[in-house]
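Chemist:
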Amino acid sequence: MVKLDHISKSFGSIQALKDVSLTINEGEIFVLLGPTGAGKTTTLKITAGLIKPDEGNVYIKDNDVTDVPSAFRNISFVFENYNLFPIYNVYKNIAFALKSKLLRVDDAEIERRIKLVSKDLHIEQLLDRPTSTLSGGETQRIALARALVRQAGLNLFDEPLSNLDLKLREELRVEFKELHKQYQSTIFYVTHDHDSAVSIADRIGILHEGVLHQIDTPENLIKNPVHINVASLINYPAINVLDCRLVGKKLNADGLLLYELTDAELHAIEKVTDKKDFQIGLKPRDIKMGKGKNQLSFSGKVLNIEYQGYNKVINVDLFGSNIRMITNEIVHKEYGDEINISFSKNDVLLFGRDNGKRIK
Amino acid sequence: MARIRLENLKKHYGKVKAVDDISLDIQDKEFVIFLGPSGCGKTTTLRCIAGLEAANGGNIFFDEKRVNDLEPADRNIAMVFQFYALYPHLNAYKNIIFPLKAEKMSSHEIKKKVMWVAELLRLEHTLNRKISELPDGDKQKVALARAIVRNPEVLLLDEPLSALDEKFREQMRIEFLKIQKALSVTTVYVTHDQREAMTLADRIIVMKEGKIIEVGEPEKLYEEPKNLFTGYFIGSPGMNFIACRAGEEGNIITEGNATIHFSKAVQKKVKDISIEKFIFGIRPEYLYFSKTIMKEGNYLKVKIINQETIQQIQYGNFYLGNNLYKCLMQDSESAGSVERYVVFHDEKIRFYDPESGEIL
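What follows is the structure, encoded as structure tokens:
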């Protein structure tokens, strides 16, 4: 449906996108996830035709549209700030998208479509209201309705939920998914919000400082990150990162001996790199309380316990490093108490210190 | 020493009752968090405590002293906002000492103070750098350092984390707790993010439409919300609230005419409910699949229509009538559209009055 082929873009001396390639399949929800300044919005604007890439090509439905103006690309676009007309009522705002001379939709058809979409989005009672009187959640729905009535094959969303309260965001995520099922359009969605990405995406692309590190399903990204930035962005709570060094056969992290590698493991590492400095990534959910069987066990001190309902996040001071773990067991510990934690060798992810690339 | 007492506090903007007659005791050294959706009056309350807004009615006491008529500068408070309000062209050191300038301290004393606060917040490396060069997380730390360098009796924080990326937010949460312990300062914090509130607060004050809905410790509010709104707003996802009426033998009939079967003990409780229509509340985390059911136990039959990952926990969605509800799914389970039994424990069941929203 969409193909970005070796796209690069600079603004002055800042390289916003560095050789980004991705393909979005027909009918899927594709999410680009990255921190502020990663280049997400730039990627979306290039897809929309609002910015021209310095290098590379944009394809929509196998047609090279790199030089095709935005209006002719048959796409809809929802921005972070919704760009509604405050003086018009809701109906006119939604209809506006269809009044374009390019689309040639007649009034009866406009009315039919708006009726349908307002039912789906539960905004029928709002159609006569000026948009300036709406709440955040309502405004969001109107912007969504305006995108949907166009029945464009491709919908682009730039942080459409980020201005909303967390609670509202959660609710709209569910609605969003249900709507997508009904309308079956292709969705390209960019956000810095991990929760939104994981809960709505069919596939996620991880963008960091203009580099697209990896594209995969949320589950696979969590299981198999190829880069430390992927592991950092896709895990909640954030993955533990420790600097470590290979001394002989032993992995040392901040003076804490992690474990001795087998010859096979050592060879595997040596095949990839001759460097000795690494970063260890350890997911909070892979760490357990107590001394497990066949596990690496350590003793630390409780820094704090973040009560999050079903789960608790325990911050453990382990030889001066702060290690996070997550549990749904009952925890009878307080600040300063000793705590045993353990994890399996297999769950230790190893990344290069210099380039962040996954080694093991 | 600062105990804060709000007594029938009111603040109106024209016809809008932003703060509608609230009363609250905040203990010395306590960390309380006002939590609620936008427009609930939480920030206005904070601004009244700070003296940035004049109350229309009621009293504010710091210890035994009425402070309504004191200027903000005379209240011995410090405040941190969502946007840091730092001087971008000055370095961190100069920003931090700003509030000390009025206090006639020797430069030696000032330096000692700054070093103390910089060490506490691990800001030593930033002191000579311009604010504009610092990452967002460090900027907010500098703002916090500036707030606490004067040893205020009361620390007021207005959504201090909401402009930060997730990664910084996690770090800052830990910093807040550390500071609160080290300084023993009475802290009032405002947020719409229930996760922050659950993690940080000694007590949470849930607000809605200018009123206090409920006050309690995070765990208490999560496990046993006394009000529907609390159960909805706290926890991600929120609590399931299922409209129902009493059926045979003390079981209940839900929307869409499904029967939820209860244990003997719960049936007895249901029989004592005096209103015809009521609400059955249970957290999604406490509803889980079972292949077999016990005739004596609590269960209902559901059809899972899709699944959703929220904070790396898998939930299944199911319909009762026209409304969607959630239950827990273990990692290995897949949705399918087969009917499943969902079971739950007696002590997790709550009943509410739909009129008042209060627990029965």
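So the sequence lines, in the order shown, correspond to chains H and G. If you use my numbering, the first sequence closes out at 403, no skipped numbers anywhere. If you use my numbering, the second sequence closes out at 361, no skipped numbers anywhere. Using N, Cα and C, we set each Cβ at its ideal position, and we do this for glycine too.
Return helix, strand or coil for Ala266 of chain G, following the three-state DSSP convention.
Modeler: Of the three classes helix, strand and coil, the one that applies to Ala266 of chain G here is helix, per DSSP.
Chemist: Starting from Leu264 of chain H, find everything on chain G with Cβ-Cβ shorter than 8 Å and list it in chain order.
Modeler: Per Cβ cutoff of 8 Å: no residues; Leu264 of chain H is ~12 Å from chain G at best.
Chemist: Could you check which residue in H:Ile277, H:Phe394, H:Ser228, H:Glu372 has the C-alpha nearest to that of Lys319 of chain H?
Modeler: When each option's Cα is compared against that of Lys319 of chain H, the closest is H:Phe394.
Chemist: Go ahead and pull the three-state DSSP assignment for Gly257 of chain G.
Modeler: In the structure shown, Gly257 of chain G sits in a helix (DSSP, three-state: H, G or I).
Chemist: Could you work out which residues of chain G lie near Arg328 of chain H, taking near to mean beta carbons separated by less than 8 Å?
Modeler: Result: Gln313.
Chemist: Give a yes or no on whether 9 Å exceeds the smallest Cβ distance from Phe319 of chain G to chain H.
Modeler: Closer than 9 Å: no.
Chemist: Kindly list the residues whose CB is nearer than 8 Å to the CB of Lys293 of chain H, restricted to its own chain and excluding five residues on each side of it in sequence; keep chain order.
Modeler: Correct list, in chain order: Leu300, Leu301, Tyr302, Glu303, Leu304.
Chemist: Do three or more CB pairs link the segment 239-249 of chain H to the segment 369-377 of chain H at distances below 8 Å?
Modeler: Cβ pair count under 8 Å is below three, so no.
Chemist: Determine whether the Cβ of Asn307 of chain G lies closer than 9 Å to any Cβ atom of chain H.
Modeler: By this cut-off, Asn307 of chain G is an interface position.
Chemist: Using the three-state DSSP reduction, which class does Gly317 of chain G fall into: helix, strand or coil?
Modeler: If DSSP states are grouped into helix, strand and coil, Gly317 of chain G belongs with the strands.
Chemist: Can you tell me which of the three DSSP states Ser56 of chain H falls into?
Modeler: Coil at Ser56 of chain H, not helix or strand.
Chemist: Can the beta-carbon of Tyr320 of chain G be found closer than 9 Å to that of Cys328 of chain G?
Modeler: Cβ distance not < 9 Å, so Tyr320 of chain G and Cys328 of chain G don't count as in contact.
Chemist: Does the beta carbon of Glu167 of chain H come closer than 9 Å to any beta carbon on chain G?
Modeler: Not closer than 9 Å to any Cβ of chain G, the Cβ of Glu167 of chain H fails to qualify, so no.
Chemist: Please list, in chain order, the chain H residues whose beta carbon lies closer than 7 Å to that of Glu171 of chain G.
Modeler: Going along chain H in sequence order, the residues near Glu171 of chain G (Cβ under 7 Å) are Pro280, Ala281.
Chemist: Go through the segment 145-175 of chain H residue by residue and report every complete run of the alpha helix (DSSP H) that reaches 4 residues or more, in order.
Modeler: Those alpha helix (DSSP H) runs which fall completely within the segment 145-175 of chain H and span 4+ residues are 150-163.
Chemist: Find the nearest neighbour of Ile243 of chain H within the set H:Pro268, H:Leu255, H:Thr260, judged by alpha-carbon distance.
Modeler: Per the Cα distances, H:Thr260.
Chemist: Please report the distance separating the alpha-carbon of Ile27 of chain G from that of Ile50 of chain G.
Modeler: Ile27 of chain G and Ile50 of chain G: Cα-Cα distance of roughly 12 Å.
Chemist: Just curious, the alpha helix (DSSP H) that Asp139 of chain G is in, first and last residue?
Modeler: Unbroken alpha helix (DSSP H) run through Asp139 of chain G: 137-149.
Chemist: Below 7 Å on C-beta distance, what does Leu222 of chain H contact in chain G?
Modeler: In chain order: nothing, as chain G lies at least about 13 Å away.
Chemist: Does Ser178 of chain H have its Cβ less than 9 Å from a Cβ in chain G?
Modeler: Chain G contact via Cβ: present.
Chemist: Once you ignore the five residues that flank Ile274 of chain G on each side, which residues in its own chain have a CB closer than 8 Å to its CB?
Modeler: Excluding residues within five positions, the ones whose Cβ falls inside 8 Å are Ala247, Phe352, Leu361.
Chemist: Taking 8 Å as the cut-off, does the CB of Ile111 of chain G come closer than this to any heavy atom belonging to the ligand MG?
Modeler: With respect to the ligand MG, the structure offers nothing, as it holds no ligand at all.
Chemist: Answer yes or no: does any C-beta atom of chain G fall closer than 9 Å to that of Leu251 of chain H?
Modeler: The question names Leu, yet the displayed sequence has His at residue 251 of chain H. No, because no Cβ of chain G sits closer than 9 Å to the Cβ of His251 of chain H.
Chemist: Output the boundary residues of the beta strand (DSSP E) element that contains Met368 of chain H.
Modeler: Segment 364-370, the beta strand (DSSP E) holding Met368 of chain H.
Chemist: For Asp64 of chain G, count neighbouring C-beta atoms within 10 Å of its own C-beta (all shown protein chains included) and say buried if the count is 16 or more, exposed if not.
Modeler: Flag for Asp64 of chain G reads exposed.
Chemist: For Ala274 of chain H and Ile282 of chain H, I'd like the C-alpha separation in whole angstroms.
Modeler: About 7 Å.
Chemist: Is the Cβ of Tyr14 of chain G closer than 9 Å to any Cβ of chain H?
Modeler: False, the Cβ-Cβ gap to chain H never drops below 9 Å.
Chemist: Cβ of Glu252 of chain H within 9 Å of Cβ of Gly363 of chain H?
Modeler: No.
Chemist: Name the residues in the segment 272-299 of chain G whose C-beta lies less than 8 Å from a C-beta of chain H; which are they?
Modeler: Under the 8 Å Cβ criterion, the segment 272-299 of chain G contributes Arg284, Glu286.
Chemist: Whose C-beta lies closer than 8 Å to the C-beta of Tyr353 of chain H among residues of the same chain, with five residues either side of it excluded?
Modeler: Once the five neighbours on either side are set aside, the close Cβ partners of Tyr353 of chain H are Asn371.
Chemist: Between the C-alpha atoms of Leu215 of chain H and Pro203 of chain H, what's the straight-line distance to the nearest angstrom?
Modeler: Cα to Cα, the separation comes out at about 10 Å.
Chemist: Would you say Asp139 of chain G reaches chain H, if we count a Cβ-Cβ gap shorter than 9 Å as a contact?
Modeler: Chain H contact via Cβ: absent.
Chemist: List the residues of chain H that Phe234 of chain G touches, going by C-beta distances under 7 Å, in chain order.
Modeler: Chain H residues near Phe234 of chain G: Lys210.
Chemist: Starting from the C-beta of His256 of chain H, find all residues in its chain whose C-beta is less than 7 Å away, skip the five residues before and the five after it, and write them out in chain order.
Modeler: If we look at His256 of chain H and ignore the five residues flanking it on each side, its Cβ neighbours are Ile249, Val269, His270, Asn272, Val273.
Chemist: What residues in its chain sit with their C-beta under 8 Å from that of Glu308 of chain H, if we drop five residues either side in the sequence?
Modeler: Correct list, in chain order: Lys403.
Chemist: Contact check, Lys210 of chain H vs Pro285 of chain G under 8 Å by CB: the rounded distance?
Modeler: That belief does not hold up - the Cβ atoms of Lys210 of chain H and Pro285 of chain G are roughly 15 Å apart, past 8 Å.
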